[in-house]
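Quick notes on the structure that follows.
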Amino acid sequence: MLELRKATESDYEILCGLSVTESQAEFVLPVSDTWTEKKAEEDFYVICLKETDAEELVIGFFLIDRSFANHQTFRTYGDLGLRSFFIDKARQGKGYGKEACFQLGPFVKDNYPQSEKLVLTVNVRNPKARALYLACGFVDTQQLYLGGPVGPQHILSLSVK
Numbered sequence: 050m051l052e053l054r055k056a057t058e059s060d061y062e063i064l065c066g067l068s069v070t071e072s073q074a075e076f077v078l079p080v081s082d083t084w085t086e087k088k089a090e091e092d093f094y095v096i097c098l099k100e101t102d103a104e105e106l107v108i109g110f111f112l113i114d115r116s117f118a119n120h121q122t123f124r125t126y127g128d129l130g131l132r133s134f135f136i137d138k139a140r141q142g143k144g145y146g147k148e149a150c151f152q153l154g155p156f157v158k159d160n161y162p163q164s165e166k167l168v169l170t171v172n173v174r175n176p177k178a179r180a181l182y183l184a185c186g187f188v189d190t191q192q193l194y195l196g197g198p199v200g201p202q203h204i205l206s207l208s209v210k
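Numbering of the sequence shown is given in the working numbering, commencing with residue 50 and proceeding in unit increments.
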């Protein structure tokens, strides 16, 4: 069973051991960089395989950015941002990313009940990620974000109401 939960300090070393494939590396910062640059408005989460109530295996990571709506480009698209969503390269291709992605809507609704949308950007050179998000219910706004460090990005949103 897959579970999304708040990251704790004890998850740090495990998260630093996770990585993405070489072709994905330009789109996702290492967790160590993300962790050390954490802002007060960012909530860190882990994606876990629950083997029993007491045993779990951390296989992924994401963060919810509560300040996303303050960014001029996204103000009309939603109020929460999804960033750094990934599954460890050793666990990719097994459906865990899709399962975690499908859980995002209900997870956000339960944990951020005041929010209406979850917004993310996905690089135009990352069609597999874009296809995953679209399959999980995200909608392409048909607009591009041009301010990212690795080129144009599709802006996608998911209604969580």
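Quick reminder that beta carbons are idealized off the backbone N, C-alpha and C, glycines included. Nothing here was measured: the structure is a model prediction, and the numbers come from that model.
When DSSP states are grouped into helix, strand and coil, cysteine 65 belongs to the helix group.
In the structure shown, lysine 99 adopts extended strand secondary structure according to DSSP, grouped into three states.
Between arginine 115 and glutamate 90, the gap from beta carbon to beta carbon is short of 8 Å.
For asparagine 119, there is no enclosing beta strand (DSSP E), as DSSP marks it with neither H nor E.
Shown here for cysteine 65: same chain residues with a beta carbon closer than 6 Å to its own, the five before and five after excluded, namely Val80, Ser81 in chain order. If you ignore the 5 residues before and after tyrosine 145, its C-beta comes within less than 8 Å of the C-beta of Leu51, Ile96, Leu98, Ile108, Gly109, Ile136, all in its own chain and listed in chain order. Counting along the chain, glutamate 148 sits inside the alpha helix (DSSP H) bounded by residues 145-160.
Counting the other CB atoms within 10 Å of its CB gives asparagine 119 a total below 16, which places it among the exposed residues. Contact annotation: valine 168 and glutamine 202 have beta-carbon atoms that are not nearer than 8 Å. Within the segment 162-197, the complete alpha helix (DSSP H) segments at least 4 residues long are 176-184, listed from N- to C-terminus. Counted as a single uninterrupted DSSP element, the stretch harbouring serine 206 is not any alpha helix (DSSP H) but the beta strand (DSSP E) occupying residues 202-208.
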